[in-house]
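Colleague:
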Amino acid sequence: MTHKGYKQTKEHKDKEKGLHFGEKAGMWKGDNAKYSALHIWVRNNKPKPKFCEECKKEKKLTIACISEKYTRNFEDYKWFCYSCHGKMDKKKDICRKGHKLEGNNLIINNRGHRSCRECKKKNDRKYYKNKNERKNIKMRKL
Ligand SMILES: [Zn+2]
Ligand SMILES: [Zn+2]
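Quick note on our numbering: the sequence shown kicks off at 361 and runs consecutively.
Structure below.
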């Protein structure tokens with residue numbers, strides 16, 4: 361007999377630590393649930409090095425998604441110290457679909473979060489398309 365579900369305390373602590381980044385700043389609204397679930401999964405499964413993968417210094421490390429693809433691929437994540445994590449966030453100049461975040465394509469909201477106009481447009485269109493498709497299915501059934 362095995363008793364699963366007793367790992368919670370550690371996970372819970374990790375989760376609290378994670379709150380200092382991103383989530384607290386409200387940067388990941390919308391993708392929040394997906395983002396934190398994946399983050400926790402990677403954090404628990406990707407081997408943690410002793411040193412920051414960017415500056416190679418021995419510091420307190422946090423997992424960072426470097427591609428913003430939100431896959432379960434370890435290659436898309438790195439263990440960064442908090443200062444490198446912050447720097448990386450500022451450096452990002454392409455969206456998760458690879459569009460350049462500059463000029464007219466760059467949207468900066470009042471929280472300072474950068475997002476892609478091209479993707480926003482596509483998401484909006486997808487939303488309306490789905491809505492219409494749902495309507496059509498309903499009509500066909502009738
Ligand atoms: Zn570092
Ligand atoms: Zn985009």
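Backbone N, C-alpha and C define an ideal beta-carbon position, used for all residues, glycine too.
On the DSSP letters alone, give me the boundaries of the beta strand (DSSP E) that lysine 438 sits inside.
Modeller: 437-441
Colleague: Are lysine 417 and phenylalanine 411 closer than 8 Å when you measure CB to CB?
Modeller: With contacts defined by Cβ atoms closer than 8 Å, lysine 417 and phenylalanine 411 form a contacting pair.
Colleague: Between which two residues does the beta strand (DSSP E) holding arginine 474 run?
Modeller: First-last of the beta strand (DSSP E) with arginine 474: 474-476.
Colleague: Are three or more beta carbon pairs between the segment 439-446 and the segment 468-475 nearer than 8 Å?
Modeller: Too few Cβ pairs lie closer than 8 Å, so no.
Colleague: Report yes if the C-beta of cysteine 444 is less than 7 Å from at least one heavy atom of ligand 2; otherwise report no.
Modeller: no
Colleague: Is any heavy atom in ligand 2 found nearer than 7 Å to the beta carbon of lysine 457?
Modeller: For lysine 457, the shortest C-beta to heavy atom distance toward ligand 2 is below 7 Å.
Colleague: With DSSP run on the structure shown, which of helix, strand or coil describes cysteine 444?
Modeller: helix
Colleague: Whole angstroms are fine: how far does the CA of tyrosine 487 sit from the CA of isoleucine 497?
Modeller: 16 Å
Colleague: In the DSSP assignment, the beta strand (DSSP E) including cysteine 412 goes from what residue to what residue?
Modeller: From DSSP, cysteine 412 is part of no beta strand (DSSP E); its letter is neither H nor E.
Colleague: Taking isoleucine 426 as the reference, give the member of Ile400, Cys455, Gly463, Glu462 with the closest Cα.
Modeller: Taking only the C-alpha atoms, the option nearest isoleucine 426 is Cys455.
Colleague: In whole angstroms, what separates the C-alpha of asparagine 490 from that of lysine 408?
Modeller: 41 Å
Colleague: Determine which residues share a DSSP beta bridge with lysine 460 and list them.
Modeller: According to DSSP, which records beta bridges pairwise, lysine 460 is partnered with Ile454.
Colleague: Any chance the CB of glutamate 462 is under 7 Å from a heavy atom of ligand 2?
Modeller: no
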